[in-house]
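Participant: Residue numbers (the working numbering): 1 to 514. Every residue, glycine too, gets a C-beta built ideally from N, C-alpha and C. Note that the structure is a prediction, hence the values are computed from the model and not measured.
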């Protein structure tokens, strides 16, 4: 086994040099768009927007201008209404060749209802290929060869998907876990039987009971759910930290939400430091992953079934609710600038075209196509010009937790009217004793420090910041009531509209318990 692991690591070093050629991002993306258009030329959307004419533009360099002119920008509602709804009744060759048999139910953090995102055979292959590339990137880390013989715990949704006679639907993590390559299955935990369980609470309990029998080296999942699982394991076996159960645990692969607000509480559960690797795996595709130690940025995957466009996240391109304007300016990867925020449009091998995925990113390296996620197009607060981003919120909570020695597991914020002006109402999930006045003052201080617009508006229209501390379990109970427990689901950092009303009504019913 030791010989095998050494060979594997050497093989990883060799293949990473072959796989990761990012010398010319524009050329990679140009070729990717061409492949997508050629494949979809005869689909319904390809005929409607004359993909053949766009392809002619590759000869004289006008392909992108033609693409922008021919194909409108879509969000989920518009592409579903025009095209994707046909896939749900079994129609073929709509936005990608053939039929679509799998749909990922999105976490729905920007709206009340789940979204049905098509997952084609081509997309499953692309996700798997990027997953392999991420494994290959482990050669950049100083890891013992023995790690490559340890178990990999992937905490995701059920692999027992819903089937209505036409298609299967479920969490993306459940779809992909059910299609793991044979060679990987010997490392995969919790294994086929437990992974099929649709009851999230039962699944966690089953994993806890098996935990002592596994030798886990890598854990993969959303930070909140993995933290809950590890706390359960520590409590069940009455140990001080998870390394007493899994002494060879070295890597935590996480995604879906910023890890920084969770870091302080999570690291209390460890006996020794972990290597953290961030991924950008959305229901619409595997967009990026952290490829190098010491960096907090992720490298975009430029040659695996996704073409990117970037929309400067400014008032010129988005309204006050985060909706993209018809006049929005879009850029190719060679036109972006470091340090500026962009919303992403993607065209993919799952049949998304100029699709607004809803995330906001910032390039930290144009040369290496390295990004960080700074928020969501609709997860920000700007009631009166304060322009408070999720990135600001995450950082402020991280600093507050550090200064006040708190473990803050979850938080969310609402913008509300207040005495003819405005206020922010924060809900903070912690099980520690808190000086409420000090917490509010500390949070407000760091938000002012992080965001000049916020500091200005706190003197004028943003008259009050309210902070309410509630047990962290209340956040997870609300998600359970919403049918969004476990898997890739995460609690929204900003609540608006129906979601905000729903949350406040839920808290009223819990008031006697708080």
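(1) What's the gap between the Cα of residue 129 and the Cα of residue 492?
(2) Can you say whether residue 417 is buried or exposed, counting buried as having 16 or more other CB atoms within 10 angstroms of its CB?
(3) Which residue marks the beginning of the alpha helix (DSSP H) containing residue 378, and which one marks its end?
(4) What would DSSP say about residue 439, mapped onto helix, strand or coil?
(5) DSSP has residue 359 in a bridge; who is on the other side?
(6) Can you give the beta carbon distance from residue 309 to residue 345, rounded, assuming they're within the 8 Å contact cut?
(7) So for residue 169, helix, strand or coil by DSSP?
(8) Does the Cβ of residue 316 have 16 or more other Cβ atoms within 10 Å, making it buried, or fewer, making it exposed?
(9) Between 353, 436, 23, 76, which lies nearest to residue 468 when the distance is taken from Cα to Cα?
(10) Going by beta-carbon coordinates alone, are residue 28 and residue 51 separated by less than 8 Å?
(11) Quick one: what does DSSP say residue 49 is sitting in, helix, strand or coil?
(12) What is the DSSP secondary structure of residue 339, reduced to helix, strand or coil?
(13) Which one of 89, 91, 45, 60 has the shortest CA to CA distance from residue 72?
(14) What first and last residue would you give for the beta strand (DSSP E) that runs through residue 407?
(15) Helix, strand or coil, according to DSSP, for residue 461 in the structure here?
(16) Among residues of its own chain, excluding the 5 on either side of residue 220, which ones have a beta-carbon nearer than 6 Å to its beta-carbon?
(17) Buried or exposed for residue 133, going by 16 or more other Cβ atoms inside 10 Å?
(18) Between the segment 402 to 421 and the segment 345 to 355, can you find at least three pairs of beta-carbon atoms closer than 8 Å?
(19) By Cβ distance, which residues of its chain are closer than 6 Å to residue 110, with the 5 residues on each side in sequence left out?
(20) For residue 226 and residue 53, what's the separation of their Cα atoms in angstroms?
(21) Which residues in the same chain have their Cβ closer than 6 Å to the Cβ of residue 338, if we skip the five residues on either side of it in sequence?
(22) DSSP has residue 252 in a bridge; who is on the other side?
(23) CA-CA distance, residue 341 and residue 212?
(24) Got a sec? Which residues, its chain only, sit under 7 Å from residue 589 by beta carbon, not counting five neighbours each side?
(25) Between which two residues does the beta strand (DSSP E) harbouring residue 426 extend?
(26) Who are the Cβ neighbours of residue 236 in its own chain at under 7 Å, not counting the five residues just before and after it?
(27) With a 10 Å radius around its C-beta and 16 neighbouring C-beta atoms as the bar for buried, classify residue 505 as buried or exposed.
(28) What beta strand (DSSP E) runs, 3 residues minimum, are completely inside the segment 100 to 186?
(29) Give me the Cα-Cα distance between residue 238 and residue 231, rounded to the nearest whole angstrom.
(30) Can you name the start and end residues of the beta strand (DSSP E) that residue 308 belongs to?
(31) Alpha carbon to alpha carbon, how far is residue 453 from residue 380? Give it in angstroms, no decimals.
(32) Check the DSSP bridge columns for residue 43 and list the partner residues they point to.
(33) On the DSSP bridge assignment, give the partners of residue 417 in chain order.
(34) Buried or exposed for residue 23, going by 16 or more other Cβ atoms inside 10 Å?
(35) Would residue 294 be called buried (16 or more neighbouring beta carbons within 10 Å of its own) or exposed?
Facilitator: The structure says:
(1) 30 Å
(2) exposed
(3) That residue, residue 378, is in no alpha helix (DSSP H); it is neither H nor E in DSSP.
(4) helix
(5) 376
(6) 4 Å
(7) strand
(8) exposed
(9) 436
(10) no
(11) coil
(12) coil
(13) 45
(14) Looking at the DSSP string, residue 407 is not in any beta strand (DSSP E), and its letter there is neither H nor E.
(15) coil
(16) 154, 253
(17) buried
(18) no
(19) The pLDDT assigned to residue 110 is 44, lower than 50, so where the model puts this residue is not dependable, and the model offers no usable value.
(20) 49 Å
(21) 363, 366
(22) 219, 276
(23) 45 Å
(24) The structure shown has nothing for residue 589, since the chain only spans 1 to 514.
(25) 421 to 430
(26) 208
(27) exposed
(28) 102 to 105, 116 to 119, 151 to 154, 168 to 170
(29) 10 Å
(30) 306 to 312
(31) 13 Å
(32) Partner(s): none; residue 43 has no beta bridge.
(33) 422
(34) exposed
(35) exposed
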